[in-house]
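K.L.:
Before I ask anything, let me first share the structure, which is written out below as structure tokens.
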């Protein structure tokens, strides 16, 4: 009886083992392929391990994946995904669908952009092989994303007008930057230029702490008076890390024919256009601007366009602004404009703290090298008070008036007490004299 029981148990165990082998074998056959290797930026990764490979963000990395098909597969695809622990940050790429015969292998390339919006953290790389209608195959890896020590990014580059401008007019540019690096950056240089026209704006310099965003001052580009119509690239360049690092952004603008460009008159005798050289043109970007008393200022770009065949020198002066503002010019109050060229002088007007609110007029005079008056430009600055300044001023005035009233009252009280005391002393002295006279 015992022997029969033992035999039954052995048969049962053998059946269980056989069943498990069948199940495992069936599962293995259910997979239509395999992921043979994954290379991230040339380094082969080991799936399911805790090894960490350091990579710097703001870079694009190539991912190579080799897969093998166990069965003929149709419309297969490979996807690579990088996700953070909280699943908020996510970067992915997927191949086009492809067919693969049984027993064959293929290597596919993907690209993962670890852009500046990815936070420095430990990430999981998942690689998916989806062999058509078969089961999805997944392998996972660990990546450690590091911050760059120096990493300034142009977040936005705005120009006005945005699409088209007439020759002879100005384009205003604003550049938004953000510091995604570990280090604070001093003297970040922001430049805007149109290289094809030889035009560039006065650069701006900013100090930007790690994680901080800042916007440049308004940068003005004066399109030459007779610039050829067409499309031109406006390039914003940001230089940082003591000039070792640089990043750029590009906008395209269409320049149309200028209405003020001098046309060639017709020679009635010859019937052909007479050659008449155009005259130099002096223009200003914005004739009126707002300035806040005691804070910053406004920039008035004065552009000199010289279409002639000889260089011209001009001397710039400012009159009537000394009563309400401090004025300086950059790069200098003297400018030499080469033949067929243009130059811009920037007049910086900063309203004084005690400047009165309202519009203030001033004049920019331009003389040639001989001292002869060439042009006179009437400009205006609208002075406003800083936010909260008017309220503080009123409160201060109220407190001052109250203090004066208190002082006057105190003075009257002191004078009254003093007068009363002197009166009491005088009465006492008169009483003593009277008694003395009575005594004698």
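Numbering (the working numbering), first residue to last: 494 to 933.
The C-beta atom is built at its ideal place from N, Cα and C for all residues, glycine as well.
1) For a test of the three-state rule: what should DSSP assign to residue 909, helix, strand or coil?
2) Answer yes or no: do residue 831 and residue 848 have a C-beta to C-beta separation smaller than 7 Å?
3) With a cut-off of 8 Å, do at least 3 Cβ pairs link the region 653-669 to the region 621-641?
4) Is residue 798 closer than 7 Å to residue 835 when the C-beta atoms are compared?
5) Could you check if residue 535 is buried or exposed, using at least 16 other CB atoms within 10 Å of its CB as the buried criterion?
6) For residue 683 and residue 645, I'd like the C-alpha separation in whole angstroms.
7) Flag residue 597 as yes if its beta-carbon sits less than 7 Å from any beta-carbon of chain B, otherwise no.
8) Starting from residue 714, follow its DSSP beta bridges and name the residues at the other end.
9) Measuring alpha carbon to alpha carbon, tell me which residue in 567, 541, 618 is nearest residue 557.
10) What whole-angstrom Cβ distance do residue 820 and residue 807 have, given they're in contact under 8 Å?
11) Tell me the residue span of the beta strand (DSSP E) that contains residue 936.
12) Could you spell out the range, first to last residue, of the beta strand (DSSP E) harbouring residue 633?
13) State the DSSP-derived secondary structure class of residue 761, mapped to helix, strand or coil.
14) What is the rounded straight-line gap between the Cα of residue 840 and the Cα of residue 777?
15) How would you write the range of the beta strand (DSSP E) that residue 823 sits in, first residue to last?
16) Note down the Cα distance separating residue 708 from residue 788, rounded to an integer number of angstroms.
17) When you compare only the Cα positions, how much space is there between residue 811 and residue 711?
18) Helix, strand or coil for residue 482, going by three-state DSSP, please let me know.
19) Just list the residues that DSSP pairs residue 566 with in beta bridges.
20) Three-state secondary structure (DSSP) at residue 522?
21) Can you give me the Cβ contacts of residue 914 inside the same chain, cut-off strictly under 8 Å, excluding the 5 residues immediately before and after it?
22) Does residue 837 pass the burial test, meaning 16 or more other C-beta atoms within 10 Å, or should it be called exposed?
23) Who pairs with residue 799 in a beta bridge, going by DSSP?
24) Quick one: grab the DSSP three-state call for residue 860.
25) Does the Cβ-Cβ distance between residue 701 and residue 681 come in under 7 Å?
26) Note down, in chain order, each residue of its chain lying with its Cβ closer than 7 Å to the Cβ of residue 629, except the 5 sequence neighbours on either side.
27) By DSSP, does residue 572 sit in helix, in strand, or in coil?
28) Assign residue 849 to one of three DSSP states: helix, strand, or coil.
29) Please list the terminal residues of the continuous beta strand (DSSP E) segment that includes residue 749.
30) Which residue's Cα is closest to the Cα of residue 607: 723, 552, 576?
31) If we call anything under 7 Å between Cβ atoms a contact, is residue 844 one with residue 786?
32) Nearest to residue 715 by alpha carbon, out of 671, 602, 642, 795?
33) Along the chain, where does the beta strand (DSSP E) that runs through residue 724 open and close?
34) Does the beta-carbon of residue 672 have 16 or more other beta-carbons within 10 angstroms, so that it is buried, or is it exposed?
35) Grab me the residues of residue 697's own chain with a C-beta within less than 7 Å of its C-beta, minus the 5 sequence neighbours each way, in chain order.
36) Would you mind sorting residue 678 into buried or exposed? The rule is 16 or more other CB atoms within 10 Å of its CB.
P.N.:
So, to answer that:
1) Helix.
2) No, these two residues do not count as a Cβ contact at 7 Å.
3) With a cut-off of 8 Å, the region 621-641 and the region 653-669 do not count as touching, because too few Cβ pairs lie within range.
4) It is a contact, given that the beta carbons lie within the stated cut-off.
5) Around the C-beta of residue 535, fewer than 16 other C-beta atoms lie within 10 Å, and the residue is accordingly described as exposed.
6) Going from the Cα of residue 683 to the Cα of residue 645 covers about 11 Å.
7) Among the chains in the structure shown there is no chain B, since it carries only a single protein chain.
8) 664, per the DSSP bridge assignment.
9) Check the Cα spacing between residue 557 and each of 567, 541, 618: the tightest is with 618.
10) Actually they do not touch by this definition, with Cβ atoms about 17 Å apart.
11) This structure leaves residue 936 out entirely; the chain is present only between 494 and 933.
12) Counting along the chain, the beta strand (DSSP E) containing residue 633 begins and ends at 630-639.
13) Note on residue 761: pLDDT 49, under 50, position unreliable in the model; the coordinate value appears next. Correct three-state label for residue 761: coil.
14) In this structure, the CA atom of residue 840 is about 10 Å from the CA atom of residue 777.
15) Counting along the chain, the beta strand (DSSP E) containing residue 823 begins and ends at 818-823.
16) Roughly 16 Å between the two C-alpha positions.
17) Each residue's Cα considered, the two are about 21 Å apart.
18) This structure leaves residue 482 out entirely; the chain is present only between 494 and 933.
19) DSSP, once it has assigned bridges, lists 593 as partnering residue 566.
20) Per-residue confidence for residue 522 stands at a pLDDT of 43, beneath the threshold of 50, marking its modelled position as unreliable; no derived number is given.
21) Here residue 914 has no same chain residue with a Cβ atom under 8 Å from its own Cβ, once five neighbours each way along the sequence are excluded.
22) Burial check for residue 837: the Cβ neighbour count within 10 Å reaches 16 or more, so the residue is buried.
23) Residue pairing by DSSP places residue 799 opposite 834 in a beta bridge.
24) Assigned with DSSP and collapsed to three states, residue 860 falls in strand.
25) In contact: residue 701 and residue 681 (Cβ atoms closer than 7 Å).
26) Correct list, in chain order: 621, 623.
27) Looking at residue 572 - three-state DSSP - the assignment turns out to be strand.
28) In the three-state reduction of the DSSP assignment, residue 849 falls in the coil class.
29) Where residue 749 is concerned, the enclosing beta strand (DSSP E) stretches over 738-749.
30) Shortest Cα-Cα distance from residue 607 to any of 723, 552, 576 involves 552.
31) Contact: yes.
32) Among 671, 602, 642, 795, the Cα nearest to that of residue 715 is on 795.
33) Start and end: 723-733.
34) Buried: at least 16 other Cβ atoms inside 10 Å.
35) Here the set comprises 683, 709, 710, 712.
36) Its Cβ being crowded by 16 or more others within 10 Å, residue 678 is buried.
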